[in-house]
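In my numbering, the protein residues as written are 15 to 209.
Before any comments, here is the structure.
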């Protein structure tokens with residue numbers, strides 16, 4: 015097995031375990047066992063459990079951004095580019111692990127608030143913040159293409175419904191929360207589906 019294959023197996027195992035069984039509840043020995051590697055090998059790749067979590071989050075953030083880019087590019091009109099975040103959620107979940115909901119919200123819910131330590135000390139926390147900032151910033155950019163004066167209101171409305179869709183994934187109801195959230199956003203913003 016190559017070094018990259020080993021790393022992928024470790025990240026796959028950690029992602030699955032952290033976001034189905036919980037970060038705090040999952041020890042590195044369990045991740046190593048599921049990945050089929052020794053704990054020493056795991057530490058050689060990640061450095062620590064926090065490093066492993068940060069590596070998993072970075073991979074998910076990169077994957078999420080790529081999927082969202084694809085969905086935005088496929089949207090025919092500015093309003094649908096704003097709502098592409100919901101299509102991206104569906105597409106990302108279809109391609110990713112068995113995580114119940116958003117790995118960034120799961121991480122934020124299991125970890126204490128940032129202690130204000132030196133930059134780089136809490137990579138996982140920094141990635142959670144980067145995910146939030148990226149989500150808000152991108153929604154506002156896309157909303158500005160629709161109506162620059164209402165960009166913040168549009169983005170905040172979509173963000174609220176997006177967060178509700180993520181919470182619904184954890185609860186398991188209603189069915190198809192991303193699609194329903196997109197419908198609710200269209201209704202709240204007075205937008206019609208094109209075509």
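Note that CB positions come from ideal geometry on N, CA and C, so glycine has one too.
| Item | Value |
| --- | --- |
| Ordered along the chain, which non-local residues of its own chain (more than five positions away) have a Cβ less than 6 Å from that of residue 157? | 96, 165, 168, 169 |
| Please specify which runs of the alpha helix (DSSP H), each continuous and at least 4 residues long, are wholly inside the region 152 to 187, giving them in chain order. | 165 to 185 |
| Quick check: what's the CA-CA separation for residue 65 versus residue 135? | 10 Å |
| Quick one: is residue 152 buried, meaning 16 or more other Cβ sit within 10 Å of its Cβ, or exposed? | buried |
| Within 10 Å of its beta-carbon, does residue 40 have 16 or more other beta-carbons around it, so buried, or fewer, so exposed? | buried |
| Would you mind working out which of 18, 93, 117 sits nearest residue 155, comparing C-alpha positions? | 93 |
| Less than 8 Å between the C-beta atoms of residue 51 and residue 20, yes or no? | yes |
| At 4 residues or longer, what runs of the alpha helix (DSSP H) sit wholly inside the region 38 to 77? | 42 to 49, 53 to 60 |
| Is the region 57 to 74 touching the region 30 to 48 in the sense that three or more CB pairs, one from each, lie closer than 8 Å? | yes |
| Which same chain residues end up closer than 6 Å to residue 192 when comparing Cβ atoms and leaving out the 5 residues on each side of it in sequence? | 100, 103, 104, 179 |
| Around the Cβ of residue 54, are there at least 16 other Cβ atoms within 10 angstroms (buried) or fewer (exposed)? | exposed |
| To the nearest angstrom, report how far apart residue 72 and residue 188 are at their CA atoms. | 29 Å |
| Output yes or no for whether 8 Å exceeds the beta carbon distance between residue 117 and residue 74. | yes |
| Using only the heavy atoms of the ligand SAM, determine whether one of them is closer than 7 Å to the beta carbon of residue 25. | Inclusion of the ligand SAM in the displayed structure is not the case, the ligand content being empty and no account of it being possible. |
| Exposed or buried, residue 138, counting other C-beta atoms within 10 Å across all chains shown (16 or more means buried)? | buried |
| Please report how far the alpha carbon of residue 45 lies from the alpha carbon of residue 58, in whole angstroms. | 14 Å |
| With DSSP as the reference, label residue 30 as helix, strand or coil. | helix |
| Which first and last residues belong to the alpha helix (DSSP H) in which residue 206 is found? | Note, residue 206: premise wrong, no alpha helix (DSSP H); not H, not E. |
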